[in-house]
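Below is one structure, written out as structure tokens; comments come after it.
Numbering (this note's numbering), first residue to last: 118 to 292.
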């Protein structure tokens, strides 16, 4: 059963990936909420930084809490090699949920939700055999929701899969 929370809007395009990780849930959660470590293991979200909403400069307190404004650096195709393809920067992303009890993180964007809306949700849950299920969903809504499938339909699923595979590798001690 999925631990991903319900979408806050009607998605027109949605990508979902998951992986079972051979590590305890709390250990995986520590990695997932440590935004500063993303540059070391996450080939798709090369950096996720909490920034001041006005200046867009990193805040002095990088603690993961919502609401907050994020600056994301995304690399397509997903790779840890910084000499590869350029990084695409996304600003004006809002961290809307950090749920430590249910092991969920959500961020999203869209200044004009009827035109464009996006949500990136991550969730962990314990499996019956002591492993961890990691789920990621990225959804688009608004009038441009279908267009986003054409724009990112090839790269986003690959990037999300690279993220879940990299977290698995890191949490299982193979990174």
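All C-beta atoms in this analysis are idealised placements derived from N, C-alpha and C, irrespective of residue type, glycine included.
Residues bridged to residue 209 (per DSSP): For residue 209, which the question treats as bridged, DSSP gives no partner whatsoever.
Quiz item: Relative to the C-alpha of residue 258, which residue among 134, 175 and 234 is closest?
Solution: 234
| said: Just to confirm before moving on: does the CB-CB distance between residue 248 and residue 136 stay below 8 Å? | reply: no
Check: At which residues does the beta strand (DSSP E) containing residue 197 begin and terminate?
Finding: Segment: none, residue 197 is in no beta strand (DSSP E) and carries neither H nor E.
Original post:
When the distance is taken between beta carbons, is residue 279 closer than 8 Å to residue 161?
Top reply: yes
Segments of 3+ residues assigned as beta strand (DSSP E) that fall wholly inside the segment 132 to 170: 162 to 168
Review point. What residue from 205, 180, 199 and 245 has the CA that sits closest to residue 189's CA?
Key: 205
**Q.** Paired residues, beta bridge with residue 234 - DSSP
**A.** 258
**Prompt:** So what does residue 280 bridge to, in DSSP terms?
**Reply:** Answer is none; residue 280 lacks a bridge partner.
For this session: Along the beta strand (DSSP E) that carries residue 247, what are the first and last residues, could you check?
Result: Per DSSP, residue 247 belongs to no beta strand (DSSP E) and is neither H nor E.
Using a Cβ-Cβ cutoff of less than 6 Å, which residues in the same chain neighbour residue 239 once the five nearest sequence positions on both sides are dropped? 222 and 253
Exercise. If we ignore side chains and look at the alpha-carbon of each, how far apart do residue 212 and residue 168 end up?
Worked result: 11 Å
* Hey, would you say residue 214 sits closer than 8 Å to residue 145, going by beta carbons? -> no
Shortest alpha-carbon distance to residue 150 belongs to which of 171, 183 and 118? 183
Neighbourhood of residue 262 by C-beta distance below 6 Å, restricted to the same chain and skipping five residues each side | 129 and 130
- Task: Work out the CA separation of residue 141 and residue 291 for me, nearest whole Å.
- Result: 15 Å
Once you ignore the five residues that flank residue 173 on each side, which residues in its own chain have a CB closer than 7 Å to its CB?
188 and 208
- Message: Let me check understanding here. Comparing Cα to Cα, which of 143, 231 and 273 lies closest to residue 218?
- Response: 143
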